[in-house]
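Just so we're aligned: the sequence shown equals residues 1 to 179 in full-length UniProt numbering. Here the structure comes first, spelled out in structure tokens, and everything after it is commentary.
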Amino acid sequence: MRQMEVLGVRVRLNAPEHEVLVLLNEREGSRSLPIVIGPHEAVAIATVQAGMPMPRPGTHDLLLACVEATGMKVQRVAITELREGTFIAEIVLSNGSRVDSRASDAIAVGLRAGVEVWCADAVLEEAAVVLDVDEDDREHVHLTGTLGTDEAEERVAEFRSFLDSVDPEDFSDGNDDRS
């Protein structure tokens, strides 16, 4: 297992259908893992990364609150497998229980819980890429800790505006379990 950093959410506009991705990067390495996710999960990840409070708890906030209400904590999240193009993940609780999850949901919960995101070596070997990023791009790619509040809010607002302007069919290929 390798510890990963959540770089952020991206929309790949040059794909046949505009794909929404969450991009993970090895903390101790050069590989990145792009995972196609749904637009709602993208907003859930982007808003927590931007530090934007929501007026009411979302689904991921609710799940985390339920776990904590039982006296448990989320210990870590991990992408454990790539099965037929679908990333399989788990949320690991403080009592050792492992909860099966979509990768996007595990990442959204993990960010809210402030825990580490891990990825199995076999998944990285199969699906990771090495990004050719120069220093100017690195500032743009890396969202965590580099954006001021105004810039973070502006980027989330731009992303929400994009989501409002696209048709849900733009994200559908008939397989909703890709994340």
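All residues carry an ideal CB built from backbone N, CA and C; glycine is no exception.
**OP:** Check the C-beta distance from Ile37 over to Leu21 and give it rounded, since I have them as a contact under 8 Å.
**Re:** Your numbering for residue 37 matches position 37 in the sequence shown. Your numbering for residue 21 matches position 21 in the sequence shown. Yes, they are in contact, since the Cβ atoms of Ile37 and Leu21 sit about 7 Å apart, within 8 Å.
Original post:
Which class does Gly8 belong to by DSSP, given the choice of helix, strand or coil?
Top reply: For this step, residue 8 is matched to residue 8 along the sequence shown. In this structure, Gly8 counts as strand in the three-state DSSP scheme.
Original post:
Just checking, does the segment 68 to 81 make contact with the segment 112 to 124 on the three C-beta pairs under 8 Å criterion?
Top reply: yes
**OP:** For Arg12, count neighbouring Cβ atoms within 10 angstroms of its own Cβ and tell me buried if that reaches 16, exposed if not.
**Re:** For this step, residue 12 is matched to residue 12 along the sequence shown. Exposed, because fewer than 16 other Cβ atoms sit within 10 Å of the Cβ of Arg12.
Original post:
Is the beta carbon of Ala103 less than 8 Å from the beta carbon of Ser32?
Top reply: Within the sequence shown, residue 103 is the residue found at index 103, counting from 1. Within the sequence shown, residue 32 is the residue found at index 32, counting from 1. No, they are not a contact pair.
Original post:
So what's Val74 in DSSP terms, helix, strand or just coil?
Top reply: Taking the first residue of the sequence shown as position 1, residue 74 is located at position 74. Three-state result, Val74: strand.
Original post:
So Leu93 and Val67 are in contact, right, with Cβ under 8 Å, and what is the actual spacing, rounded?
Top reply: As a first step, residue 93 is located in the sequence shown; it is residue number 93 there, counting from the start. As a first step, residue 67 is located in the sequence shown; it is residue number 67 there, counting from the start. Indeed, because the Cβ distance is near 7 Å, the residues count as touching under 8 Å.
Subject >> Whole-angstrom distance between Ala65 and Pro57, CA atom to CA atom >> reply: One-based indexing of the sequence shown puts residue 57 at position 57. One-based indexing of the sequence shown puts residue 65 at position 65. Approximately 9 Å between the Cα atoms of the pair.
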